[in-house]
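Since the structure comes first, as structure tokens, the remarks are kept for the end.
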Amino acid sequence: MKRKLVILSIFTIFFIIFIYKEFNLNLNQLTRVDVQVFSGESSESETIIIEEETIKALREIFRKIDWEQNVEVEMSRKEDVKATLFFTDDRNMPDRLYEYLLWFHQDNESASIFDREKNAFATIEKEEAQKLKNILVKN
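Here's what the structure looks like:
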């Protein structure tokens, strides 16, 4: 019985470490962002962001996001921007990709961001939303 408890404890520790690594982004590993800006139903422009200063600014904005988990989102219009974030864990391994959909709201100058893979949703307030828009849309 004691042996089973030890094995179960070890398994639980490894499982917790795996879940933590899988679901907790290390923003310091963000190396690139691919941006698609939409106008109506079609893609208006595509940009690749790799400049270190711009990536650093994006890291700071994403660190401030407070995500709501397991949220079903239905927006009244197509997203304004699709951003694919590239995270490099190890130079010998492929990048991990995370796709975010963003809506910029004219009325209150906030932004909504949705992580489809994790069903996570967040609202970014005026100042940070404007910074994010300037980087992604006007880059």
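Here the sequence shown is numbered in UniProt numbering, starting from 1 and rising by one per residue. We put the CB at the ideal spot given by N, CA and C, even for glycine. Model, not experiment: these values are computed from the prediction.
Own chain partners of Arg3 with C-beta closer than 8 Å, once the 5 adjacent residues on each side are dropped: Cβ within range, chain order: n/a, list empty.
If you run the structure through DSSP and keep just helix, strand and coil, what is Ile65? If DSSP states are grouped into helix, strand and coil, Ile65 belongs with coil.
Beta-carbon proximity check, Leu111 vs Tyr100, cutoff 8 Å: First, the residue type needs correcting, since residue 111 is Ala and not Leu in the sequence shown. No, Cβ-Cβ distance for Ala111 and Tyr100 is not below 8 Å.
Can you confirm whether the stretch 72 to 79 touches the stretch 34 to 47 when touching is taken to mean that 3 or more C-beta pairs between the two stretches lie within less than 8 Å? By the Cβ test, the stretch 34 to 47 is in contact with the stretch 72 to 79, since at least three Cβ pairs between them sit closer than 8 Å.
Is the stretch 89 to 109 close to the stretch 118 to 137, with three or more CB pairs under 8 Å? A contact exists between the stretch 89 to 109 and the stretch 118 to 137.
Inter-residue spacing [alpha-carbon to alpha-carbon] between Glu53 and Asn26: Answer to the nearest angstrom: the Cα atoms are 17 Å apart.
Exposed unless 16 or more other CB atoms sit within 10 angstroms - verdict on Val71: Sixteen is the threshold: since fewer than 16 other Cβ atoms of the shown chains lie within 10 Å of the Cβ of Val71, the residue is exposed.
Please confirm whether Phe121 and Glu68 have their CB atoms less than 8 Å apart. Phe121 places its beta carbon less than 8 Å from that of Glu68.
Alpha carbon to alpha carbon, how far is Ile135 from Ser45? Rounded to whole angstroms, Ile135 to Ser45 spans 14 Å at the Cα level.
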